[in-house]
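Take a look at the structure set out below.
In our numbering, the protein residues as written are 878 to 961.
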């Protein structure tokens, strides 16, 4: 079962990136395009990355390993604490 669907990512606004004047060239391969001065993130690549991360974390959990979750944005602190 997939971790998320393209529709869920779209509804959450995951595809909206930074302004086109502020970007990191290393992100080029993850960009789908641009619209109205905002980069649009490639959701297919995002879904692939989420699935890889999910599989990796499941493997660590199956071995009773530990994972440190860090949320540096104030808006993410509560979600990170709940999900960890």
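Backbone N, C-alpha and C define an ideal beta-carbon position, used for all residues, glycine too.
Everything numeric in this text was worked out from a predicted model, so none of it was measured.
N- and C-terminal bounds of the beta strand (DSSP E) containing residue 908: 908-912
To which residues does DSSP link residue 937 through a beta bridge? For residue 937, which the question treats as bridged, DSSP gives no partner whatsoever.
Among 903, 929, 907, 923, which residue has its Cα nearest to the Cα of residue 883? 923
Report yes if the C-beta distance between residue 946 and residue 930 is below 8 Å; otherwise report no. no
Is DSSP giving residue 931 helix, strand or coil here? helix
Grouping DSSP H, G and I as helix and E and B as strand, with all else coil, what is residue 894? strand
Leaving out five residues before and five after residue 886 in sequence, what residues of the same chain have Cβ atoms less than 6 Å from its Cβ? 920
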